[in-house]
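> Numbering (the working numbering), first residue to last: 925 to 1084.
The beta-carbon is built from N, C-alpha and C at its ideal position, and this holds for glycine as well.
My questions all concern the structure below.
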């Protein structure tokens, strides 16, 4: 059975490494579901956090093959019980004056923040676990028209 897996890859901060990693995944037929990349506290390195839906044997295969790339310093599969995961989403919702209050109340329940208002829409920001983001989007979509969604992708860190 395929599982949702989060992979953290510490790489040398060189041009082209992201392309090489994504190309490796594509050649093996693995779809990257989410992707975040940023420089670490040491500017020589970047951390790539990506998610895939794979069988266990496929996970071991892709981790092993990725680890063989020259610029890969460290790669690990992040265990959901030992890590903290978060995602940020910006959601533009169609909202006239009549609907704004109700939408803001829904946002408040999820501890989301209204970050922009225009005459016909509002933009809401939510940070949380991916399942919280999914639930919020589903709830909003039931009663309101979502115009646009922009998600950062999952990022995660091991607890000590």
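Report yes if the CB atom of residue 935 is closer than 8 Å to the CB atom of residue 954, and no otherwise.
Cβ distance not < 8 Å, so residue 935 and residue 954 don't count as in contact.
> Pick helix, strand or coil for residue 1080, following the three-state DSSP scheme.
It is a strand residue.
> Assess, as a yes-or-no matter, whether the region 982-998 is touched by the region 1006-1022 under the definition of 3 or more beta carbon pairs within less than 8 Å.
The answer is no - the region 982-998 does not touch the region 1006-1022, with fewer than three Cβ pairs under 8 Å.
> Do you know offhand how far residue 969's Cα is from residue 1053's?
Rounded to the nearest angstrom, the two C-alpha atoms are 26 Å apart.
> Between which two residues does the alpha helix (DSSP H) containing residue 998 stretch?
Unbroken run through residue 998 is the beta strand (DSSP E), 996-1002; no alpha helix (DSSP H).
> What is the DSSP secondary structure of residue 927, counted as helix, strand or coil?
Note: residue 927 maps to strand in three-state DSSP.
> Suppose only complete runs of 3+ residues qualify. What are the beta strand (DSSP E) ranges in the region 931-967, listed by chain order?
If we require 3 residues or more, the beta strand (DSSP E) runs fully inside the region 931-967 come out as 956-963.
> What residues are listed by DSSP as bridge partners for residue 1011?
Residue 1011 pairs with 1052.
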